[in-house]
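Sequential numbering from 1 applies to the sequence shown in our numbering.
Ideal Cβ placement from N, Cα and C applies to all residues, glycine included.
Since we're looking at a predicted model, the values are computed, not measured.
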Amino acid sequence: MTSFEEFAKVCNKVEGIPGSLEMTSVVAGFLREVDDEELGIVTRFIMGSVFPVWSSQELGIGPSLLYAAISKASSLPVKRIEGFVKETGDVGLAAEKAMESGKTHLNLFSEGELSVSDVYSRFKKIATLTGKNSQDSKIKNLQYLFGTAKPGEAVYIARLSIEEMRIGVGEGIVRNAISEAFGVPVGIVERGYMLTNDFGEVAYTAKKEGEQGLLKLGIEVGRPLKMMLAQVASGINEAVGEMGLVAVEWKFDGARIQVHKNGDKVTIYSRKLEDVTASLPDVVSSVKKHVNAEKVILDGEAVALGKDKRPMAFQEILRRFRRKHDVAATAQEIPLHFYLFDILYLDGESLIDEPMEVRRKKLESVCDPEVLAVQTVTGNVSEIEDIYGKALAGGHEGVMLKSPDSLYMPGKRGKNWLKLKPVMETLDLVVVGGEWGEGRRANFIGSYLLACRDPDSDRLLTIGRVATGITDEQLSDLTAIFKELVISESAKNIDFEPEVVFEVAFEEIQKSQNYKSGYALRFPRLVNVRSDKSAQDSDSIERVEQLFIGQKGR
Ligand code: AMP
1 MTSFEEFAKV
11 CNKVEGIPGS
21 LEMTSVVAGF
31 LREVDDEELG
41 IVTRFIMGSV
51 FPVWSSQELG
61 IGPSLLYAAI
71 SKASSLPVKR
81 IEGFVKETGD
91 VGLAAEKAME
101 SGKTHLNLFS
111 EGELSVSDVY
121 SRFKKIATLT
131 GKNSQDSKIK
141 NLQYLFGTAK
151 PGEAVYIARL
161 SIEEMRIGVG
171 EGIVRNAISE
181 AFGVPVGIVE
191 RGYMLTNDFG
201 EVAYTAKKEG
211 EQGLLKLGIE
221 VGRPLKMMLA
231 QVASGINEAV
241 GEMGLVAVEW
251 KFDGARIQVH
261 KNGDKVTIYS
271 RKLEDVTASL
281 PDVVSSVKKH
291 VNAEKVILDG
301 EAVALGKDKR
311 PMAFQEILRR
321 FRRKHDVAAT
331 AQEIPLHFYL
341 FDILYLDGES
351 LIDEPMEVRR
361 KKLESVCDPE
371 VLAVQTVTGN
381 VSEIEDIYGK
391 ALAGGHEGVM
401 LKSPDSLYMP
411 GKRGKNWLKL
421 KPVMETLDLV
431 VVGGEWGEGR
441 RANFIGSYLL
451 ACRDPDSDRL
461 LTIGRVATGI
471 TDEQLSDLTA
481 IFKELVISES
491 AKNIDFEPEV
501 VFEVAFEEIQ
511 KSQNYKSGYA
521 LRFPRLVNVR
531 SDKSAQDSDS
541 IERVEQLFIG
551 QKGR
């Protein structure tokens with residue numbers, strides 16, 4: 001058994017190391033030492049995930065539940081815990097402080113020490129708790145962990161509870177550490193992860209069976225793979241110049257699905273690899289009807305088509321994906337159609353290392369045309385322009401330009417899949433808040449809360465957060481600028497004087513209860529810091545409303 005204390009010590013050590021090479025070798029050394037049965041768990045824990053990426057298990061622990069558990073374990077009021085969080089800016093350090101200064105009920109629970117497996121078993125238990133009284137039971141289980149832990153361990157129990165380790169160990173370091181620990185090539189470790197979506201399993205296999213074992217890891221029906229992603233195309237001419245022949249498909253305005261069929265059992269996963277089968281009975285029955293294969297994994301897009309056969313707004317689809325009750329009624333209100341455009345596995349055979357042309361033939365051989373995305377392979381620019389025009393006229397987003405000889409790269413965004421869509425206008429928004437980053441970005445403000453103006457009341461109305469499009473260099477420059485503008489800080493959240501204006505691009509404006517403006521931005525990214533503008537020059541809520549109304553498909 002590996003004690004959790006040992007794990008905490010390694011985390012603490014890693015946290016103090018500035019360079020990734022040294023970090024990797026410390027992690028590798030630890031992976032080598034850990035007992036077999038805990039290797040998988042430790043490999044995930046160290047990067048802040050309790051369960052494999054593909055797993056639909058979720059802890060469901062938010063800050064208030066965590067603070068309640070620390071409060072109970074330390075016999076300090078929740079307010080004190082919140083105070084510690086404010087003071088340290090970190091739930092881990094706050095837990096440590098609480099356990100040091102409060103009275104722990106250690107002996108009530110156990111006199112022994114926690115092992116890594118003990119912590120994992122509690123987390124597994126917590127993930128099974130749902131429903132009415134689950135909050136209390138979750139708190140009790142967490143309280144047990146804090147009550148048994150030493151203060152130095154409490155740091156990492158708290159951080160694992162919210163799956164944010166803040167020690168700078170991400171997928172890259174874990175991949176390299178597995179390679180170093182067990183003497184297997186990095187590329188083979190990467191491949192194993194791509195196929196299994198679980199570094200825990202990869203580490204265990206590397207240890208037990210080495211390179212040969214890793215090469216035997218494969219795709220399994222029922223275990224989702226990350227989806228291949230697309231880059232923005234610079235233009236049709238450029239794509240044809242690059243690829244020669246291009247496989248052109250509509251870029252459907254919907255939500256990604258990965259369909260797993262094993263005989264009569266159909267499971268649907270969302271882009272985030274959540275199991276959304278229960279919410280999509282119509283998709284399930286349509287798969288059964290139109291997919292003629294025993295065991296297969298398919299990739300596609302689910303679209304909500306309105307009466308006019310145009311796609312409904314993205315958030316309508318999300319309503320379907322998130323629905324837990326009254327599923328049938330919602331399915332009637334928002335019927336889903338889907339278009340399949342790829343096949344990753346068929347009857348015992350992985351297809352991801354086959355070129356797209358070959359996969360496409362297999363796809364066509366198992367799916368009825370009703371559920372197939374039409375694909376045209378051409379090198380003719382005006383033909384592609386024509387398809388693009390039709391896709392937009394149909395209310396869809398644009399086209400995908402895919403390289404016919406490309407392999408399927410799970411989780412990768414490369415130049416073999418390009419997306420072409422009209423450029424949306426940008427909004428100039430005032431930054432009113434921020435959040436400290438994670439991992440490598442822990443010392444920087446990683447995301448910024450944005451607002452537009454309400455000219456009538458002269459108030460600022462929040463509209464979303466932006467965290468992408470910010471270069472490393474900008475990150476440190478911006479952090480320096482915003483440090484001067486801090487009004488208040490609590491946990492990871494910071495409020496700023498509204499002085500800096502960001503020009504932000506986005507995919508779509510959505511209605512939202514989460515922000516004061518009543519709107520939210522889908523996929524916002526920073527385009528420019530508009531140092532030429534002040535808060536008064538930022539865009540108004542009217543402009544947001546106009547853009548919302550002017551969006552296609554509405
Ligand atoms: P984006 O979300 O803008 O990065 O664009 C990529 C997304 O477009 C994918 O994740 C899919 O959800 C969606 N999509 C729609 N139609 C297609 C298609 N024919 N091929 C691949 N992806 C598509």
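Start and end of the alpha helix (DSSP H) containing residue i?
i, result
"Q546", "I541 to G550"
"N12", "F4 to E15"
"V240", "I236 to M243"
"S117", "V116 to T128"
"E201", "F199 to K216"
"Q135", "S134 to T148"
"T24", "S20 to E33"
Between the beta-carbon of residue i and the beta-carbon of residue j, is there less than 8 Å?
i, j, result
"F314", "Q510", "yes"
"A467", "S488", "no"
"V529", "L450", "no"
"T196", "V202", "yes"
"I70", "A127", "no"
"T378", "V248", "yes"
"D299", "M356", "no"
"G40", "S74", "no"
"A302", "F341", "no"
"K13", "L65", "no"
"I236", "L420", "yes"
"T479", "F523", "no"
"D347", "K265", "no"
"F240", "V358", "What sits at residue 240 in the sequence shown is Val, not Phe. The answer is no: Cβ separation not under 8 Å."
"I352", "L344", "yes"
"P455", "M194", "no"
"D36", "M1", "no"
"E22", "E153", "no"
"V291", "V366", "yes"
On a Cα-Cα basis, can you pick out the residue from the options that is closest to residue i?
i, options, result
"S121", "F548, I188, Q57 and I70", "Q57"
"F252", "E190, S55 and L305", "L305"
"R413", "K402, K421 and P422", "K402"
"L556", "E542, S490 and V423", "What the structure shows of the chain is the stretch from 1 to 554, and residue 556 is not part of that stretch, so it cannot be assessed."
"D368", "V327, V34, S234 and K289", "K289"
"P185", "E163, G210 and I167", "G210"
"A278", "V291, I257, H260 and R323", "R323"
"I162", "P224, G48 and K150", "G48"
"E370", "L336, S406, E38 and S25", "L336"
"V42", "K79, S115 and V85", "S115"
"G395", "H325, P422 and T130", "P422"
"I297", "I61, G263, R175 and F506", "G263"
"M165", "C11, S540 and L344", "C11"
"S3", "G112, K79 and G19", "G112"
"D458", "F482, P404, S540 and D472", "S540"
"E316", "A328, G254 and V366", "G254"
"L160", "E349, P63, G518 and V291", "P63"
Leaving aside the five residues before and after residue i along the sequence, list all residues of the same chain whose C-beta is less than 7 Å from its C-beta, in chain order.
i, result
"A520", "I463, G464, Q510, S512 and N514"
"R319", "T330 and I334"
"R554", "Confidence in R554 is poor, its pLDDT being 42 and thus under 50, which makes the residue's placement unreliable; the coordinate value appears in the next sentence. Result list for R554: A313, in chain order."
"R32", "A181"
"K533", "D428 and V501"
"V287", "V259, K261 and V266"
For residue i, which residues in the same chain have their Cβ closer than 6 Å to its Cβ, ignoring the five residues on either side in sequence?
i, result
"I470", "L526"
"R440", "G168"
"S179", "V186 and V189"
"D224", "One point to set straight first is that residue 224 is Pro, not Asp, in the sequence displayed. If we look at P224 and ignore the five residues flanking it on each side, its Cβ neighbours are W54, Q258, Y269 and L273."
"P498", "V430, V432, L460 and A535"
"N107", "Its pLDDT being 45, under 50, N107 is placed unreliably in this model, and the coordinates cannot settle the point."
"F548", "I509"
"A442", "R166"
"E397", "K251, D253 and K421"
Within the same chain, show all residues whose beta-carbon is closer than 8 Å to that of residue i, passing over the 5 residues directly before and after it, in chain order.
i, result
"D495", "V432, G433, V486, I487, S488 and E489"
"T88", "A94 and K97"
"G244", "G379"
Any C-beta of chain B sitting closer than 8 Å to the C-beta of residue i?
i, result
"T88", "The chain labelled as chain B is not found in the depicted structure, where only one protein chain is given."
Please list the terminal residues of the continuous beta strand (DSSP E) segment that includes residue i.
i, result
"R453", "I445 to D454"
"Y339", "L336 to L346"
"S488", "V486 to S490"
"Y97", "The question names Tyr, but residue 97 is Lys in the sequence shown. Careful: K97 lies outside any beta strand (DSSP E), inside the alpha helix (DSSP H) at V91 to S101."
"M400", "G398 to K402"
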